[in-house]
Amino acid sequence: MNKIEKKPTHLKAYRLTVILIAAVILVFIVFLSIVTGTIQFSVHEIISMLKGDLQGSLVNQIIFNVRMPRVFTGVFVGMNLAVAGVLLQGILRNPMASPNIIGVNAGAGLAAVIIMTILPGKIGMIPLVSFIGALLAVLLIYMLSTASGSSSTVHIVLAGIAVSNLLNAVSSALMMINSDVLEITYSWLLGSLSGRSWTAVNTIWPYSLVALAAALFISPKVNLFGLGDEVASSVGLPIRLYRIVIMITAAVLAGSAVSVTGTIGFVGLIAPHSARLLIGNDHRYLVPLSAILGAILLILSDTVARTIFQPVELSVGIITSVLGAPFFLLLLYKKGKERRL
Numbered sequence: 038m039n040k041i042e043k044k045p046t047h048l049k050a051y052r053l054t055v056i057l058i059a060a061v062i063l064v065f066i067v068f069l070s071i072v073t074g075t076i077q078f079s080v081h082e083i084i085s086m087l088k089g090d091l092q093g094s095l096v097n098q099i100i101f102n103v104r105m106p107r108v109f110t111g112v113f114v115g116m117n118l119a120v121a122g123v124l125l126q127g128i129l130r131n132p133m134a135s136p137n138i139i140g141v142n143a144g145a146g147l148a149a150v151i152i153m154t155i156l157p158g159k160i161g162m163i164p165l166v167s168f169i170g171a172l173l174a175v176l177l178i179y180m181l182s183t184a185s186g187s188s189s190t191v192h193i194v195l196a197g198i199a200v201s202n203l204l205n206a207v208s209s210a211l212m213m214i215n216s217d218v219l220e221i222t223y224s225w226l227l228g229s230l231s232g233r234s235w236t237a238v239n240t241i242w243p244y245s246l247v248a249l250a251a252a253l254f255i256s257p258k259v260n261l262f263g264l265g266d267e268v269a270s271s272v273g274l275p276i277r278l279y280r281i282v283i284m285i286t287a288a289v290l291a292g293s294a295v296s297v298t299g300t301i302g303f304v305g306l307i308a309p310h311s312a313r314l315l316i317g318n319d320h321r322y323l324v325p326l327s328a329i330l331g332a333i334l335l336i337l338s339d340t341v342a343r344t345i346f347q348p349v350e351l352s353v354g355i356i357t358s359v360l361g362a363p364f365f366l367l368l369l370y371k372k373g374k375e376r377r378l
């Protein structure tokens, strides 16, 4: 009897330990990314810079004004995309759901492309309109999925894929028509952390903290969606209300991420599934671990993107796509195999 009673405690301790270890790894990855680059710095120089002994030096300029804001922007973007993915997968009960696949990123991306091509003088509005674009995409997906009187997960996923393809097609058409800004818009759609300053950090962190806190708060409700709509409704959960709230939270997370880096794909697919392999499906623990793994994935991908072909720098979205495409195909294969069984 005692052994049975201790099992939940042991499981909780294990999950918390995994989250703590992942957090320590993230701190190490952040430090590694800051010191890695075309110009190398010693640990002693980094410590001296942090102590304020190298004010105005080249070390201080590169570390504090170039690498640190880039890395911290990547941390917030990785967390946002990963948690948006885990929320969408939880409420839709579909392992393939993620911001870039069901159209949230496409909505934010189209809004940004419209500003860059039609209103280039309003470039400072990109963060706001990207966020609005993500929200409008979510609302459009939900309205299309409920047009037949149903808001089932299958309808939402199908509507999301259709909307994503449509919005991406419109973005491509605008880019081709306005070929004079093709290079800028193409770079945006690939997704990049290059040149991100403290302005980007200040733009994203308020949205991140509020939406991540909201995701943690509603994570127990996401667990109920895994039981099915009928069971969740039978225990008193207002399905439609929470589905809308959770989808809006995911839109805030994804929209704020896209607003500062462009459309980076597959982070919201890889990180949540990696977290599930480590600690299971309880979203109370899955949300924080997915956030940490998303940050680790994006920071590592960006470090590879800017160092693998020095001095040429790739967009981080290329690296995440290279990792994510086979990961997505593996999920499709496993899902098909499960159905055959």
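Reading the sequence shown from the start, the letters are residues 38 to 378 in the numbering used here. Where a beta carbon is used, it is the ideal one built from N, C-alpha and C, also for glycine.
Margin query: Which of the three DSSP states is assigned to L48 in this structure?
Written below: Along the sequence shown, read from residue 1 onward, the residue named residue 48 stands at position 11. In the structure shown, L48 sits in a helix (DSSP, three-state: H, G or I).
Note to self: Is it buried or exposed, T110, if we count other Cβ atoms within 10 angstroms and call 16 or more buried?
What the structure shows: Here residue 110 refers to the residue found at position 73 of the sequence shown. Answer is buried; the Cβ neighbour count reaches 16.
Item checked: Alpha-carbon to alpha-carbon, L337 and S70 -> Taking the first residue of the sequence shown as 1, we reach residue 70 at position 33. Taking the first residue of the sequence shown as 1, we reach residue 337 at position 300. Roughly 7 Å between the two C-alpha positions.
Next item on the list: State the DSSP-derived secondary structure class of M133, mapped to helix, strand or coil.
Entry: Here residue 133 is taken as the residue at index 96 of the sequence shown, counted from 1. Three-state result, M133: coil.
Next item on the list: Mark Q77 as exposed unless 16 or more other C-beta atoms lie within 10 angstroms of its C-beta, in which case mark it buried.
Entry: Within the sequence shown, the letter at position 40 stands for residue 77. It counts as exposed.
Margin query: Can you look up Q347 in the DSSP assignment and give me helix, strand or coil?
Written below: To locate residue 347, count along the sequence shown from 1; it is residue 310. Three-state result, Q347: coil.
Next item on the list: May I have a chain-ordered list of the alpha helix (DSSP H) segments no shorter than 4 residues that lie completely inside the stretch 133-189?
Entry: 141-155, 163-182
Check: Rounded to the nearest angstrom, how far is the Cβ of T298 from that of G74, given a contact under 8 Å?
Finding: Position 261 of the sequence shown, counting from 1, holds the residue named residue 298. Position 37 of the sequence shown, counting from 1, holds the residue named residue 74. With a Cβ gap of about 18 Å, T298 and G74 do not count as contacting.
Checklist line | Limits of the alpha helix (DSSP H) - the one that P243 falls within | finding: The residue you call residue 243 lines up with position 206 of the sequence shown. Looking at the DSSP string, the run of the alpha helix (DSSP H) that includes P243 is 235-262.
Notebook entry, point to check: Which whole-angstrom value is the C-beta distance of L125 and A134, which I expect to be below 8 Å?
Noted result: Here residue 125 refers to the residue found at position 88 when the sequence shown is read from its first residue. Here residue 134 refers to the residue found at position 97 when the sequence shown is read from its first residue. Correct: roughly 4 Å between the Cβ atoms.
Margin query: My assumption, with CB atoms under 8 Å, is that F365 sits in contact with L323. Please give the rounded CB distance.
Written below: Here residue 365 corresponds to residue number 328 of the sequence shown, with the count starting at 1. Here residue 323 corresponds to residue number 286 of the sequence shown, with the count starting at 1. Not quite, the Cβ-Cβ distance comes to about 19 Å (not below 8 Å), so this is no contact.
Next item on the list: Determine the direct distance from the alpha carbon of I285 to that of K43, and round the result to whole angstroms.
Entry: To locate residue 43, count along the sequence shown from 1; it is residue 6. To locate residue 285, count along the sequence shown from 1; it is residue 248. Confidence at K43 is low in this model, with a pLDDT of 45, below 50, so its placement is unreliable and no value can be given for it.
Margin query: For L368 and I221, what's the separation of their Cα atoms in angstroms?
Written below: What you label residue 368 is simply residue 331 of the sequence shown in a count that begins at 1. What you label residue 221 is simply residue 184 of the sequence shown in a count that begins at 1. Approximately 33 Å between the Cα atoms of the pair.
Item checked: Euclidean distance between Cα positions of P132 and H310 -> Taking the sequence shown and counting its residues from 1, one reaches residue 132 at position 95. Taking the sequence shown and counting its residues from 1, one reaches residue 310 at position 273. Straight-line Cα distance between these residues: approximately 8 Å.
Notebook entry, point to check: Mind checking whether L335 and A312 have CB atoms under 8 Å apart?
Noted result: Here the question's residue 335 lines up with position 298 in the sequence shown. Here the question's residue 312 lines up with position 275 in the sequence shown. No, the Cβ-Cβ distance between L335 and A312 is not below 8 Å.
Margin query: With a threshold of 6 Å on Cβ separation, who are the neighbours of A248 within its own chain once the five nearest residues in sequence on each side are excluded?
Written below: Position 211 of the sequence shown, counting from 1, holds the residue named residue 248. These residues qualify, in order along the chain: T286, V289, L290.
Notebook entry, point to check: When the Cα atoms are used, what is the spatial distance from N39 to R280?
Noted result: For the purposes of this step, residue 39 is taken as the residue at position 2 of the sequence shown. For the purposes of this step, residue 280 is taken as the residue at position 243 of the sequence shown. Because N39 sits at a pLDDT of 41, beneath the cut-off of 50, its placement in the model cannot be relied upon, and the following sentence gives the value as read from the coordinates. Their backbone Cα atoms lie some 39 Å apart in a straight line.
Margin query: Which same chain residues end up closer than 6 Å to D90 when comparing Cβ atoms and leaving out the 5 residues on each side of it in sequence?
Written below: For the purposes of this step, residue 90 is taken as the residue at position 53 of the sequence shown. Counting only Cβ-Cβ distances below 6 Å, and skipping sequence neighbours, we find nothing.
Check: What does a CB cutoff of less than 6 Å around V52 pick up in its chain, not counting 5 residues either side in sequence?
Finding: Reading the sequence shown from its first residue, position 15 is the one you call residue 52. Rather than Val, the amino acid found at residue 52 in this sequence is Arg. Excluding positions up to five away in sequence, the list reads I316, Y322.
Next item on the list: Would you decide whether R277 is buried or exposed? Buried here means 16 or more other CB atoms lie within 10 Å of its CB.
Entry: As a position in the sequence shown, residue 277 is number 240, starting the count at 1. Exposed, by the Cβ-count rule.
Checklist line | Cβ pair I241, I66 closer than 8 Å | finding: On the sequence shown, position 204 is the one that residue 241 refers to. On the sequence shown, position 29 is the one that residue 66 refers to. In this structure, I66 does not lie closer than 8 Å to I241 by Cβ.
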